[in-house]
Amino acid sequence: MNGQNGQLVLSTRDVHRDYPLSGSAVHAVRGVSLDVTRGEYVAIVGPSGCGKSTLLNLLGAIDRPTTGTVEIGGTAVSSLPDREATRFRLTHIGFVFQRFYLLPVLSARENIELPMAEAKVAAAERQQRSTELLGYVGLAERAGHRPSELSGGEQQRVAIARALANRPTVLLADEPTGELDARTGADVIALFDRLNRDGMTIVVVTHDEKLAGAARRVVHMLDGRVVRDEPLLRRA
Amino acid sequence: MRFQLAGRTLRRHVSRTLLATLGVAVSAAMLLDMVMLATGMRQSFASLLGSNGFTIRVSPRGTLPFDSEATIGQGAEATAAIQRVAGVTAVAPVLGATIHVLGRGEPVTAFALGIDPAVQGDYQLLEGAEPTAPNTIVVSDAFLRAAKAHVGDTLDIAVGFDPQLRTYQGRQRLVISGRARFTYLSAEDRAVALRLATVQAMVGGQRADRVSLFMVRTAPNVDPEVARAAIERALPRVTALSTAGAIAEAERRLSYFRQLAFILGAVSLIVGFLLVSTIITVSVNERVGEIAVMRAIGVSRWHIVQQITIEGVALSLTGAVAGLLLGIVTARYLNSILRGFPGLPDAIDFFLFQPSAAFRALGLLVASGIIAGIYPSWRAASLPISATLREEAVG
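Chain order of the listed sequences is A and B.
Using the numbering used here, you'd call the opening residue of the first sequence number 4 and step up by one each time.
Using the numbering used here, you'd call the opening residue of the second sequence number 295 and step up by one each time.
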């Protein structure tokens, strides 16, 4: 694996996820076992409906496997009760969604501060950390703007800053460039690259070849299974 | 941050929030008015009866005070008998009669009360002097207007009219010694009060030494019910009614009124609840994606419920405060209409603002706002996160 120090951050064992549909079952994920070590940058790719987003949701503890286990940092998140799973997501997992999903009534800074407020981080520290994160994603001047006043690329960068607010163990992103044009998509890809270089473990689901190409490891899925798991050459 | 988020969410759809608040305000005003109506008459009747300290009314057997023209004979003897009852501190005899003011164009007819000026409880003197002299009289403002008279004027007054002979009887010249407000009559009633002996002398014949009503004061440490029973034992030809008994009787007669007010109040409360519930449900349904994302990034279900419930409470509370003002204004207006009923005492209010009852009712409305917020928010916060996000992405 391509982890910086080989410490296991995320691990799935024989994970299945079935959905009932009109009396039968849809097997969205079929026996996926995957290990991600600290500092890895993994892209999960595959055709639509292959189960990659479902797998990401299972990795992020927002869905439960039908069978199998998901562990993050040694915690079996797949068996956590809802309240503990929620707390775990708050403090250990950063989520980035295709549609950004910023709260429209909050400013960029307030959106970033929301998970920190939920984690009961003191106001002064929230302010300081959100300032740092806004600077990190290049939006220091846009702190007071509402999502409707930001471009798609800017909104996604705010969403990334929000995902990083509680210093998560792993950053999970579902098609983070899916709603962006090529130029702003490239900005987000560059930001992910910088984050990974700074030590963040990233797992991204994407159709975007450029984004997948920026990852250090690409996991190919087909019909709910991992069909190929290949490390890419680390760029200089 | 939850308050901030709730406030901004409500401001996001200003017109919807304003309309919902207005709806809740109207519902709260109606609820408040019904609460004021349900208790107003009872309370104002109770305070009217208790205002002058008389605790027992004694009227001819089987009648309520001034319910009929029946009178109690041997008034002086009856007065003495009541005074002898243990715990009785004062007895105020009253004889009702109709008088006619003559010599001022068309005769002016008025209601006359024969009283003992030393212990009367029928009027408050506004100007002038008590009718202590046999030829003096105190009158209402309506009487002064109708008779085109002033305090100090002398009037030619009769107490009866024989239609066959076309003559007035019991005529006497009386001087207006004062102007008064009559406690149990409306401001539009033409009323006068004069000494009981004067009225009895004017009516003469069979009505001399007769009394329509006795008002009785009891010592503070005496149970009026005990004194009331003792009076009825001492005078078998009378009915004695304590203030509590009179209020109970009034309540019995007003029970349909109260039930109507209760039903309309309950309907207002339900309408307010449904309004807030609908607005919150619509708002939550618009935000299921946002809520799912909040859950995904680690916001607890309980905190989402809290935030949405705050929105419901804010709507209810703002509506309740606006409704409080609206309710008081409409109650005053309705009260002024209803008090125009002829013959109603001035002191009777249909709508009476009682802070404790009003705030209890409005508290109920705010509590309904909490319930209205909890269900839709809990439902939205309990939706499966991944499925909701997938549906939102497709939508």
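Ideal Cβ positions, reconstructed from N, Cα and C, are used throughout, including at glycine.
Contacts of A/Glu152 in chain B (Cβ-Cβ under 8 Å): By Cβ distance, chain B contributes nothing, its closest Cβ being about 14 Å from A/Glu152, past 8 Å.
Any chain A beta carbon closer than 8 Å to B/Arg552: no
Under 9 Å by beta carbon: chain A residues contacting B/His597: Glu121
Taking 8 Å as the threshold (C-beta atoms), are B/Ala651 and B/Thr333 in contact? yes
Per-residue burial, A/Asn60 [other beta carbons within 10 Å of its own, 16 or more giving buried]: buried
Where does B/Ser434 fall in DSSP's three states? coil
Assuming contact is defined by CB atoms lying nearer than 8 Å, are B/Val385 and B/Thr373 in contact in what I supplied? yes
Going by C-alpha distance, which of B/Met324, B/His307, B/Glu421, B/Gly408 is nearest B/Val565? B/Met324
Using the three-state DSSP reduction, which class does B/Leu463 fall into: helix, strand or coil? The amino acid at residue 463 of chain B is misidentified as Leu; the sequence shows Gln. Strand at B/Gln463.
Looking only at DSSP bridge pairs, what is A/Ala28 linked to? A/Pro23
What three-state label does DSSP hand A/Gln7 in the structure shown? At A/Gln7, the pLDDT of 49 sits below 50, so the modelled position is not reliable and the matter cannot be decided from this model.
Tell me the DSSP bridge mates of B/Gln553? Per DSSP, none; premise fails for B/Gln553.
Where B/Ala583 meets chain A, residues with beta-carbon distance less than 9 Å: The amino acid at residue 583 of chain B is misidentified as Ala; the sequence shows Gly. Arg102, Tyr104, listed in chain order.
Between which two residues does the alpha helix (DSSP H) carrying A/Gly156 extend? 155 to 167
Of the residues B/Val593, B/Asn346, B/Arg527, which one's Cα is nearest the Cα of A/Asn169? B/Val593
Specify the secondary structure class of B/Gly689 as computed by DSSP and reduced to three states. In this prediction, B/Gly689 scores a pLDDT of 48, lower than 50, which makes its location untrustworthy; the coordinate-derived value is nonetheless stated afterwards. Here B/Gly689 sits in coil by DSSP.
When the Cα of A/Val3 is compared with those of A/Arg86, A/Glu144, A/Val208, A/Gly76, which residue comes out closest? Missing from the structure shown is residue 3 of chain A; chain A here goes from 4 to 239 and no further.
So, B/Val395 versus B/Ala404, is the Cβ gap smaller than 8 Å? yes
Is there a C-beta anywhere in chain A that falls below 8 Å from the one on B/Thr603? no
For A/Tyr44, the first and last residue of its enclosing alpha helix (DSSP H): Looking at the DSSP string, A/Tyr44 is not in any alpha helix (DSSP H); the run it does join, the beta strand (DSSP E), is 44 to 48.
Starting from B/Leu507 and walking both ways along the beta strand (DSSP E), at which residues does that stretch end? 507 to 512
Ignore the nearest five residues each way along the sequence and tell me which others in A/Val29's own chain have a CB closer than 6 Å to its CB. Tyr22
Compare the beta carbon distance of B/Leu638 and B/Ser506 with 8 Å and say whether it is the shorter of the two. no
Kindly list, in the order they appear in chain A, the residues whose Cβ is closer than 9 Å to that of B/Thr612. Residues of chain A passing the Cβ test: none, with the nearest at roughly 18 Å.
Identity of the residues DSSP links to B/Ile393 by a beta bridge: B/Ala404
In DSSP terms, what B/Gly472 is bridged to: B/Gly422, B/Val432
Excluding the 5 residues preceding and the 5 following A/Ser154 in the sequence, name in chain order all residues of the same chain whose CB lies nearer than 8 Å to its CB. Thr187
When you compare the CB positions of A/Arg112 and A/Ala166, do they come within less than 8 Å of one another, or not? no
Is A/Ala239 buried or exposed, if buried means 16 or more other CB atoms sit within 10 Å of its CB? Confidence in A/Ala239 is poor, its pLDDT being 42 and thus under 50, which makes the residue's placement unreliable; the coordinate value appears in the next sentence. Flag for A/Ala239 reads exposed.
Length of the line joining the Cα atoms of A/Ser36 and A/Asp201: 27 Å
Short CB-CB distance (under 8 Å) between A/Ile163 and chain C: Protein chains in the displayed structure are A and B, and chain C is not among them.
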